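Residues 816 to 1201 in this note's numbering are what the sequence shown spells out, letter by letter.
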Amino acid sequence: MDFDLIFVGGGLSSSLTAYRLQKARPDLRLAIVERDDRLGGNHTWCFHATDVTPSQLEWLEPFITTRWEGQSVRFPERERHLSTPYLSATSDRLDEVMAESGVTRLSGQAAAHIERDSVALADQTTLTGTVIDGRGPNDAEELTIGFQKFLGLELKFSKPHGLKHPIIMDATVPQTDGYRFIYVLPFTEDTALIEDTYYADEHAFDRQALRDDIHAYAAKQGWDVAEVIREEEGVLPIVLEGDLEAYFDHFADQPSPIGLRAALFHPITGYSLPEAAALADVIAELPTLTPDSVAKAVREQSLKRWRAHRFSRLLNRMLFRAAKPELRYVVLQRFYGLPQPLIERFYAGRSTLGDRARILAGKPPVPITRAIKALAPRGVGTGTKA
816 MDFDLIFVGG GLSSSLTAYR LQKARPDLRL AIVERDDRLG GNHTWCFHAT
866 DVTPSQLEWL EPFITTRWEG QSVRFPERER HLSTPYLSAT SDRLDEVMAE
916 SGVTRLSGQA AAHIERDSVA LADQTTLTGT VIDGRGPNDA EELTIGFQKF
966 LGLELKFSKP HGLKHPIIMD ATVPQTDGYR FIYVLPFTED TALIEDTYYA
1016 DEHAFDRQAL RDDIHAYAAK QGWDVAEVIR EEEGVLPIVL EGDLEAYFDH
1066 FADQPSPIGL RAALFHPITG YSLPEAAALA DVIAELPTLT PDSVAKAVRE
1116 QSLKRWRAHR FSRLLNRMLF RAAKPELRYV VLQRFYGLPQ PLIERFYAGR
1166 STLGDRARIL AGKPPVPITR AIKALAPRGV GTGTKA
């Protein structure tokens, strides 16, 4: 079976890139190989409207399930509402959109072996074409990471919860196992996704304890849970420093990575949808889709975004290395006191020199000696290109 592009792994970035290509160039033969029966897994992806360009927001529209005209944060010494629109997409919607896209879906098919220009399936079928590897994060000694781990429950309440906008960080909860906050997405007047989230040094967590904590949080808000609709969980890498060029050297003779595997995510939030949309645009504009041309474009885009997020990694080092785990929330509490446009530019990876100076100005939220020590990269892998 011959294709122009074969995506191995039907996650967010593979799906968005295939969709973008199919709409822009319907003559292309595109295929997604996914070992599960559906694409996208079990996820909710969110982003700020200002994280993407207007044209990206337009072609992403079919994937968007909910749009809120604002968001709020809560900290022990600060509560704030921002008017920045916030949007969500779900794996259910992604699977539905891709089913109607015209992209060939080989769901329930495991890739037994992949090369840059071919995929051998477990049933002995061979696919030929330029291969892109979207099978999720790759362990790498060249990158130093912490973890954002979470468990979420989508709940139905016996009465309306009263929320009009998401609570993207409620850090008024006890600070255990690192920086902890509750994340709430009110989908309808009586349903919401509540996630218990931790910025921690270790990736393990007690699922039942987090379920119990979510129910306790709901009860404290006065929300009576009538039904648990579904559950999702995840562990996202939070990059502190690394040598991305050395990391990409591992893929020299392999299919080009994409998405999280290509280190395309926000270093602090773990948000990957804006980066996936930007990469989809880049690949859609390539005149040829050979293994070399795709690999070169992905590498250049990942390095470009790595440079754009350098300041975010610096702040991650302050968060993880300078602040005591139970006091990490202070870093974010101070950040959310800054002007809204600055916050929007920061999450979009477009911070100006003035923004960076503003974020670091004044009394640091952690001891100055520890902050200075933490801000300097320690050196990982084959280089110190933090």
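Glycine included, every Cβ here is placed at the ideal spot set by N, Cα and C. Since this is a predicted model, take the numbers as computed values, not measurements.
Collapsed DSSP secondary structure at residue i in the structure displayed
i: R1128; result: helix
i: K1119; result: helix
i: R1136; result: helix
i: F1161; result: helix
i: P1154; result: coil
i: D1107; result: helix
i: A1067; result: coil
i: A937; result: coil
i: E915; result: coil
i: G777; result: A question about residue 777 goes unanswered here, because the residues of the chain that appear run from 816 up to 1201.
i: S922; result: strand
i: K974; result: coil
i: T832; result: helix
i: Y1144; result: helix
i: D1203; result: No information on residue 1203 is available, as it lies outside the stretch 816 to 1201 that the chain covers here.
i: Q837; result: helix
i: R853; result: coil
i: L1101; result: coil
i: A1091; result: helix
i: R1149; result: helix
i: A1112; result: helix
i: D910; result: helix
i: G1196; result: Because G1196 carries a pLDDT of 42, less than 50, the predicted location of this residue cannot be relied on, and no value is offered for it.
Proximal residues to residue i (C-beta, below 6 Å), its chain only, five neighbours per side dropped
i: E969; result: L1008, I1044, R1045
i: V832; result: Note on residue identity: the sequence assigns Thr, not Val, to residue 832. A1095, I1098.
i: L1134; result: R1143, V1146
i: G917; result: Q837
i: P1089; result: F862, D866, V867
i: A925; result: R850, A937
i: R853; result: D910
i: F1020; result: K964
i: L1025; result: L966, D1011
i: I929; result: V823, V946, P1070
Close Cβ partners of residue i (< 7 Å) along its chain, the five nearest in sequence each way excluded
i: K971; result: D1005, T1006, A1041, E1042, I1044
i: R1171; result: F1126
i: E1047; result: N857, H858, T859, G967
i: L1075; result: G951, P952, S1087
i: A927; result: A935, L936, A937
i: D1039; result: F972, S973, K974
i: A955; result: Y1062
i: L1157; result: D1170, R1173
Per DSSP, cross-strand counterpart(s) of residue i
i: L820; result: L845, T945
i: D985; result: R889, I997
i: I960; result: V1054
i: A1080; result: Checking the displayed sequence, the identity of residue 1080 turns out to be Phe instead of Ala. Looking at the DSSP assignment, F1080 forms no beta bridge with any residue, so it has no partner.
i: T929; result: A small correction: the amino acid at residue 929 is Ile; Thr does not occupy that position in the sequence shown. DSSP, once it has assigned bridges, lists V934 as partnering I929.
i: E969; result: L1008, R1045
i: T859; result: T905
8 Å CB neighbourhood of residue i in its chain, flanking five on each side removed
i: H1018; result: F962, K964, V1050
i: T941; result: M816, S933, V934, A935
i: T987; result: R889, F890, P891
i: L1153; result: R1173, I1174
i: R1165; result: A1123
i: H1203; result: Since the first residue shown for the chain is 816 and the last is 1201, residue 1203 is missing from the structure and cannot be characterised.
i: T1197; result: Below a pLDDT of 50, predicted positions are generally treated as unreliable, and T1197, at 36, falls in that range; the measurement from the model is reported next regardless. Within the same chain, T1197 has close Cβ partners E957, D1058, A1061.
i: V1109; result: L820, T945, I947, S1071, I1098, L1101
Presumed contact (8 Å Cβ cut-off) between residue i and residue j, rounded CB distance
i: A864; j: T899; result: 7 Å
i: D1011; j: I983; result: Between I983 and D1011 the Cβ distance is about 14 Å, and since that is not below 8 Å, they are no contact.
i: L1101; j: A1112; result: 6 Å
i: R835; j: D819; result: Wrong, their Cβ atoms sit about 14 Å apart, outside the cutoff.
i: S903; j: T919; result: Actually they do not touch by this definition, with Cβ atoms about 28 Å apart.
i: L1130; j: L1059; result: Not really, about 18 Å apart at Cβ, beyond 8 Å.
i: T1105; j: T991; result: Not a contact, Cβ separation roughly 50 Å.
Exercise for the section: Run through the segment 994 to 1075 for me and flag every whole beta strand (DSSP E) of 3 or more residues, listed as ranges in chain order. Expected result: With a minimum length of 3 residues, the unbroken runs of beta strand (DSSP E) contained wholly in the segment 994 to 1075 fall at 994 to 1003, 1006 to 1015, 1040 to 1057.
Practice task
At 4 residues or longer, and completely inside the segment 864 to 907: list those alpha helix (DSSP H) runs for me, N to C.
Solution key: For the segment 864 to 907, whole alpha helix (DSSP H) runs of length 4 or above, ordered along the chain, are 869 to 875.
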